[in-house]
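As numbered in my numbering, residues 141 to 283 make up the sequence shown, in order. Glycine included, C-beta positions come from ideal geometry on N, C-alpha and C. Quantities reported herein were computed from a predicted structural model and do not represent experimental measurements.
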Amino acid sequence: MQLLFYASKNDKNEKRLKEAIQSASVAGTIEHFTSLDDFRDRLRTIVEPNSIMVLAAVDRKELLKMQAFRDMLTEIYIILVLPDRKKSTIRLAHLLRPRFLSVIEDDFLDLNLIVAKMITTPHGPPKTPVDIGGSPGISGSQP
141 MQLLFYASKN DKNEKRLKEA IQSASVAGTI EHFTSLDDFR DRLRTIVEPN
191 SIMVLAAVDR KELLKMQAFR DMLTEIYIIL VLPDRKKSTI RLAHLLRPRF
241 LSVIEDDFLD LNLIVAKMIT TPHGPPKTPV DIGGSPGISG SQP
């Protein structure tokens with residue numbers, strides 16, 4: 141699993157966000173991107189399935205540009221940080237199918253907990269009865 145972080149604006153909110161992500165990912169490295177072109181180029185290389193990507197959109201225009209990468213993000217867990225809480229912004233954000241939404245003015249405590257939980261929780265397909273050791277369709281004990 142990889143942890144990727146995109147934020148174009150280098151300000152106090154972006155620094156707070158990066159600190160929240162870093163404190164949740166004690167052992168892992170974070171790949172930080174500051175331009176959408178670099179972000180797009182990275183997505184064109186191998187990204188491990190079930191990786192986590194934290195995307196911070198500075199404004200609605202940037203969020204619209206992120207929509208161009210939607211098809212590249214299908215096997216990545218997305219945490220999206222929005223510029224505001226407007227209905228139109230949230231509606232647009234949901235097109236990226238995020239696992240969690242936050243707003244740039246938040247304190248990022250919840251985001252920190254979510255990232256930490258996603259890192260420590262094993263991902264993958266749910267276990268079937270065959271994977272667990274049972275046989276599908278057979279219940280009870282044998283004589």
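Alpha carbon to alpha carbon, how far is residue i from residue j?
i, j, result
"LYS152", "ASP246", "12 Å"
"LEU143", "GLN207", "20 Å"
"THR174", "LYS149", "7 Å"
"GLU202", "THR260", "30 Å"
"ALA197", "PRO189", "23 Å"
"LEU287", "ARG210", "Here the chain comprises residues numbered 141 to 283, so residue 287 is not present and cannot be evaluated."
"VAL187", "ASP178", "14 Å"
"ALA233", "GLU215", "17 Å"
"ARG225", "GLU154", "18 Å"
"LEU195", "SER228", "18 Å"
"SER275", "ILE219", "Any answer about SER275 is weak, because its pLDDT of 47 lies below 50 and its placement is not dependable; what the coordinates show is given next. C-alpha separation (whole angstroms): 37 Å."
"SER281", "LEU183", "Reliability of the predicted coordinates at SER281 is poor, the pLDDT of 44 falling under 50, and the value obtained from them is presented with this limitation in mind. Taking the straight line from one Cα to the other gives about 50 Å."
"LEU253", "ALA160", "9 Å"
"PHE145", "MET258", "15 Å"
"HIS172", "ARG231", "26 Å"
"ILE192", "LYS205", "20 Å"
Can the beta-carbon of residue i be found closer than 9 Å to that of residue j?
i, j, result
"VAL221", "ALA164", "no"
"ARG180", "MET141", "no"
"TYR217", "ARG200", "no"
"PRO223", "VAL243", "yes"
"LEU157", "LEU249", "no"
Complete runs of the alpha helix (DSSP H) confined to the region 155-185 [at least 4 residues] = Taking only runs of at least 4 residues, the alpha helix (DSSP H) segments lying wholly in the region 155-185 are 176-183.
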